[in-house]
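**Q**
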Ligand code: PEP
Ligand code: MN
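Residue numbers (this note's numbering): 1 to 288.
#1: Reducing DSSP to helix, strand and coil, say where residue 27 ends up.
#2: Is it right to say residue 21 is buried, meaning 16 or more other beta carbons lie within 10 angstroms of its own, or is it exposed?
#3: What residue from 134, 113 and 217 has the CA that sits closest to residue 203's CA?
#4: List in chain order: all unbroken beta strand (DSSP E) runs of 3+ residues lying wholly within the stretch 21-72.
#5: Give every residue of the same chain whose Cβ lies closer than 6 Å to the Cβ of residue 92, excluding the five residues on either side of it in the sequence, and list them in chain order.
#6: At 3 residues or longer, what runs of the beta strand (DSSP E) sit wholly inside the stretch 102-142?
#7: Apply the 10 Å Cβ neighbour rule to residue 280 and answer buried if 16 or more other Cβ atoms are within range, or exposed otherwise.
#8: May I ask you to list the residues that DSSP assigns as paired with residue 153?
#9: Consult DSSP for residue 211 and reduce its assignment to one of helix, strand or coil.
#10: Excluding five sequence neighbours on each side, which residues of the same chain lie with their C-beta closer than 7 Å to the C-beta of residue 55?
#11: Indicate whether residue 150 and residue 164 have their beta-carbon atoms separated by less than 8 Å.
#12: For residue 201 versus residue 38, is the C-beta distance shorter than 8 Å?
#13: Using alpha carbons as the reference points, say which of 75, 70, 171 and 159 lies closest to residue 133.
#14: Let me confirm a value: residue 147 is counted as buried when at least 16 other C-beta atoms fall within 10 Å, else exposed. Which label applies?
#15: When the Cα of residue 255 is compared with those of 97, 87 and 17, which residue comes out closest?
#16: Could you give the C-beta distance for residue 186 and residue 156, rounded to a whole number, given that I count them as a contact under 8 Å?
#17: Looking at the strands, I want to know which residues DSSP matches up with residue 247.
#18: Looking at residue 75 and the ligand PEP, is the gap between the Cβ and the nearest heavy atom below 7 Å?
#19: With respect to the alpha helix (DSSP H) encompassing residue 270, which residues constitute its N-terminal and C-terminal limits?
#20: My understanding is that residue 263 touches residue 271, with C-beta atoms under 8 Å, so please give their C-beta distance in whole angstroms.
#21: Going along the chain, which residues of its own chain have a beta-carbon closer than 7 Å to the beta-carbon of residue 234, five neighbours each way excluded?
#22: Quick check: the Cα distance between residue 212 and residue 139, rounded to an integer number of angstroms?
#23: So what does residue 198 bridge to, in DSSP terms?
#24: With a cut-off of 5 Å, give the chain-ordered residues whose Cβ is closer than this to any heavy atom of the ligand MN.
#25: Quick check: does the Cβ of residue 249 come within less than 7 Å of any heavy atom belonging to the ligand PEP?
#26: Is it true that the CB of residue 28 sits closer than 8 Å to the CB of residue 64?
If you want it as structure tokens, here you go:
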């Protein structure tokens, strides 16, 4: 694995390399990433129904979330979909849009197929590239064309150099606003068998030394375990991340996808209060 070299900074990463201390601010609706505030994105892993996502949008907004997340297209490990494991596709995306509008929250959703970029860009405020598609260069190229803000997740096997290279691809192809998202990496040992990844928190200051792009953390998909989500969220704020993205569900253990990691509404509210306390100490605003 190669580290980022001086030659990379001058050539390969010419658009995203930091020039002095200037950092870029990515604006999604009324939400700003990278301006010193701590953005909190909450919502279901998967949009399960119109009613479900509207209910979640109102709950996360009330607790102070900045944005709403929700998957309409899911890169699930196996190709089979069922009554309990499913994705609603474009219909689900429209429910997410309606929920965001009702709650007054910008929305982000994952695009898994380059062919769907234009129609998804017409609905979403921000488009997410999932970990598994980080180096799907055809997808990155299509995303560059639509000029929507992009949330670029780190592949769980990618070095910082690979990840920044993918961000450079987006901007090279025309994207103007890119936010990085650390979501855990594979390591030979995790802390419990059901925790699939290890959160690389130190990649936050490491990335900030190299690039001007904002960087957030996904404590839900990185820990894969509910009890680890709040501690890692607090650590993400303390270490200087520009935000977090969290799975929130009214009945977490019954979530259609990723039931082990979603936070309940009361757990999300408690976490928001804790984050505001840490934010005060660090002179950073948290959520709305
Ligand atoms: C998600 O955010 O729903 C997701 C699938 O995340 P990741 O790509 O990080 O696994
Ligand atoms: Mn998920």
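We put the beta carbon where it would ideally sit given N, CA and C, even for glycine.
It should be emphasised that the depicted structure is a prediction, and the values quoted were computed from it without experimental measurement.
**A** Once the coordinates are examined:
#1: strand
#2: exposed
#3: 217
#4: 26-28, 31-33, 39-43 and 67-69
#5: 47 and 72
#6: 107-110 and 126-129
#7: exposed
#8: 181
#9: strand
#10: 250
#11: no
#12: no
#13: 75
#14: exposed
#15: 87
#16: 5 Å
#17: 43
#18: yes
#19: 265-282
#20: 7 Å
#21: 274, 275 and 278
#22: 23 Å
#23: 185
#24: 45 and 258
#25: no
#26: no
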